[in-house]
Amino acid sequence: MYTFKIKNKDGKVQEYNHINKVYYGHKGVLEYNLENEEIFNHHYSVGYDLHLYSDTNAFTISKSEISIIEVIKEN
């Protein structure tokens, strides 16, 4: 699982823990469904809304809010 730290354009950081699935892109044009090691190895774009999933939560982060995406492997 992974922790995402998303820095918004105001410099504030929001943390999302225990993420095991990521989706982003434009439906039917350019889509990414990431799981396992793909989550860590992927080069993310801040030009799309980011959808993060854990076993108990689902988050959508608007592309207009994303400045920096940090991905950390959890132990």
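The numbering of the sequence shown is the numbering used here, which starts it at 2 and goes up by one. Glycine included, every Cβ here is placed at the ideal spot set by N, Cα and C. These numbers were taken from a predicted model, which means no experiment stands behind them.
With contacts defined as CB atoms closer than 9 Å, VAL47 and ILE73 fail to qualify as a contacting pair. The residues GLN15, GLU66, ILE67 and SER68, in chain order, have a CB closer than 8 Å to that of ASN9 in the same chain once the five nearest residues on each side in sequence are set aside.
Just so you know, the alpha carbons of ASN76 and MET2 end up roughly 8 Å apart. Assignment of beta-bridge partners to HIS27 by DSSP yields LEU31. Between TYR17 and TYR25, the beta carbon gap of about 13 Å keeps them out of contact (Cβ cut-off 8 Å).
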